[in-house]
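These notes concern the structure reproduced below.
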Amino acid sequence: PRAGAGHQRAAAAQEAGVDRVGPEVDGHQPILPVGGGVASDPWDRISAVTDLLDGLNPPQREAVLHGAGPLLVLAGAGSGKTRVLTHRVARLIGEEGVDPHAILAITFTNKAAGEMRDRIGRLVGPRARAIWASTFHSACVRILRREAEEAGYARDFSIYDADDQLRLIRRCLVEDQVDPKRVSPKMVQARISDAKSRLEGPDDLRAASFQDEIVARAYRRYQDALLANGAMDFDDLLMITAQLLESSPPV
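Residue numbering for the sequence shown follows my numbering, beginning at 6 and increasing consecutively.
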């Protein structure tokens with residue numbers, strides 16, 4: 006069954022709020038030593054970086070110890086990517102004193118994000134809850150719930166699922182006097198999604214054929230209707246966040 010807008014908003018809020026900060030003590034949260042247990046001084050950092058390097062091979066150690074600046078790591082399945090990422094995050098917090106709020110760890114599934122948070126939590130304790138460890142969409146929802154007004158949306162925007170999108174696209178086609186039986190709403194939906202994945206709005210589409218013109222007009226009507234309804238689709242979550250990050254320095 007299709008979830009209503011209220012259920013979608015609740016689901017989106019739940020998805021975006023999985024990384025909330027836990028209870029603090031005097032404005033701080035303790036970092037526990039590697040290997041679990043309770044630190045004798047709750048404000049001690051991880052006792053030794055060598056603890057984080059145990060069991061890692063040389064390339065993995067190099068990635069964990071990398072300092073400031075970007076680092077690209079190419080690795081296949083089962084090569085220890087998650088272990089390297091979690092140990093690197095633990096070192097940044099425990100050895101470098103990086104604020105957990107300043108760490109963004111992105112993965113593709115909620116299950117993988119949860120595993121990453123759990124592993125970091127076992128290394129550094131409760132402060133792991135402040136890290137942004139989530140999926141791409143979840144991170145974007147979290148940003149947009151705070152910054153949506155910069156893009157012309159209310160913060161309580163709803164999120165349209167695939168069925169919602171198809172119904173709205175069908176309506177847009179009918180309003181444009183296009184027969185949905187002759188021009189498939191699913192095709193239009195796919196074309197719009199493809200354009201959004203390239204961060205292209207309706208004005209960016211080039212009409213090289215009659216079908217392209219129909220898609221471009223439907224895209225324009227569709228986006229106007231989403232905005233009027235205070236809604237975004239899943240592609241919008243990524244596209245609008247990317248546009249905000251590029252165009253609005255405060256965000």
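From the three backbone atoms N, C-alpha and C, an ideal C-beta is built for every residue, glycine too. Computed from a predicted structure; not experimentally measured.
Nearest C-alpha to N115 among R96, G102, W137, D208: W137. Sorting A153, G102, K186, L232 by C-alpha distance to the C-alpha of L250 places A153 at the top. Here H106 is exposed. Its C-beta has fewer than 16 other C-beta atoms within 10 Å. Between P207 and the set V179, Q228, I125, V94, the nearest pair of CA atoms involves Q228. If one requires a minimum length of 4 residues, the alpha helix (DSSP H) runs lying completely within the segment 112-171 are 115-129, 141-152, in chain order. In this structure, the straight-line span from the alpha carbon of A195 to that of V103 is close to 42 Å. Bounds of any alpha helix (DSSP H) do not take in D208, whose DSSP letter is neither H nor E. Residue burial annotation: K201 is buried, with at least 16 other C-beta atoms found within 10 angstroms of its C-beta. Under the three-state reduction of DSSP, D59 is assigned to coil, being neither helix nor strand. Put simply, the segment 177-189 does not touch the segment 148-165. Fewer than three CB pairs are less than 8 Å apart.
Apart from the 5 residues on each side of it in sequence, M244 sits with its Cβ closer than 6 Å to the Cβ of K201, L204 in its chain, given in chain order.
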